[in-house]
Amino acid sequence: MISCLFSNCPTPFPLPSKTKASPMILHFREFFKNRRARWQAVALPPHATLGIWNLPRHLQATLTPPPPSPFSPSTFFPFSDREPWVDTTNKDDILEDELRQNQILKMSSSPMRMLMIVLGLVLLLSAADATTTWSLCSSTEDYRVAVKGVTINPDPVVRGSEALFEIPAVAKETIEGGSVTIQVYYLGMRVHTEEDDLCVRTSCPIAPGDFSIESKEGLPSYTPPGSYRLDMRIHNLDGDMLTCLKINFRITAPDTFLGF
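By the count of the working numbering, the sequence shown reaches residue 346 at its end, each step adding exactly one.
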């Protein structure tokens, strides 16, 4: 038995010279054979990939170009098959546009342009300064004196001079007399308070109907310019409030160009 290790000894179970493949192996062999034949017959571009079933490069080089696909880009983009765009702009028009743009740039940096901007700002600021608004202290209160409007002269008010406040109103009853209380606010802080006799501001007694209240306010020269609010309350002799209103106005400095 030991001598048979290095010699040709008869095997107890001789194997057949040619093993017959099982039906499953034959099925897979035929499947991959047909798959490879289809790869070689199909027309794919060289860069086409099929996941893990990539074709070798030597097979990709032998493939023919694919036929036109019904889902070509021209199907979704109907203008893709047109001729490329050609610039037909006239060079003279381009030069004219450049010259026009240069002129606009020169005007924007010229002193005349700056003067126009300054004048526009002055007009805007003067329009904003001249805006005087007023409102009643309460929109639900039924005041015995109905205010019709407020007029300030000059508007805006110039510091260092007097300003005349004219308030036309309508009295719903006869008013024998009373008092006028004025409070001035600047930046939300009360900076001035005064109380005067109503008969000094208008003629007493006040009959039912139209009348006007005038108030002259002198402003010192050191008054800071800006936005102010004036609160006016009018009481009768019994202390009952006849009306209450708030006036928003501006004060400017006379020596500044822009009115600040």
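Heads up, the beta-carbon is just placed ideally off N, CA and C, and yes, glycines get one too.
As far as DSSP is concerned, Met110 takes part in no beta bridge. In the assembly as shown, Thr279 is an exposed residue. Its beta-carbon has fewer than 16 other beta-carbons within 10 Å. The DSSP-derived three-state label of Val236 is coil. By the Cβ neighbour-count rule, Pro242 is buried, with 16 or more other Cβ atoms within 10 Å of its own. Here Val277 has Val270 as same chain residues with Cβ atoms under 6 angstroms from its own Cβ, once five neighbours each way along the sequence are excluded.
Collapsing the DSSP output to three states places Arg336 in a strand. The distance from the Cβ of Leu284 to that of Ser313 is about 28 angstroms, inconsistent with a contact at the 8 angstroms cut-off. Rounded to the nearest whole angstrom, the CA to CA distance from Gly295 to Cys330 is 18 angstroms. In the three-state reduction of the DSSP assignment, Glu227 falls in the coil class, being assigned neither a helical nor a strand state. Residue burial annotation: Arg287 is buried, with at least 16 other C-beta atoms found within 10 angstroms of its C-beta. A Cβ-Cβ contact shorter than 8 angstroms links Val236 with Phe251. The three-state reading of DSSP puts Asp324 in coil, since its state is none of H, G, I, E or B. In the three-state scheme derived from DSSP, where H, G and I count as helix and E and B as strand, Leu316 is classed as strand.
Lys332 is the residue among Ala339, Lys332, Pro340 and Pro109 whose C-alpha sits nearest the C-alpha of Ser221. A direct Cα-to-Cα measurement between Cys290 and Phe335 gives close to 28 angstroms. Within its own chain, the residues whose Cβ lies closer than 8 angstroms to the Cβ of Tyr308, once the five positions on either side in sequence are excluded, are Arg245, listed in chain order.
A direct Cα-Cα distance of roughly 6 angstroms separates Glu248 from Glu303.
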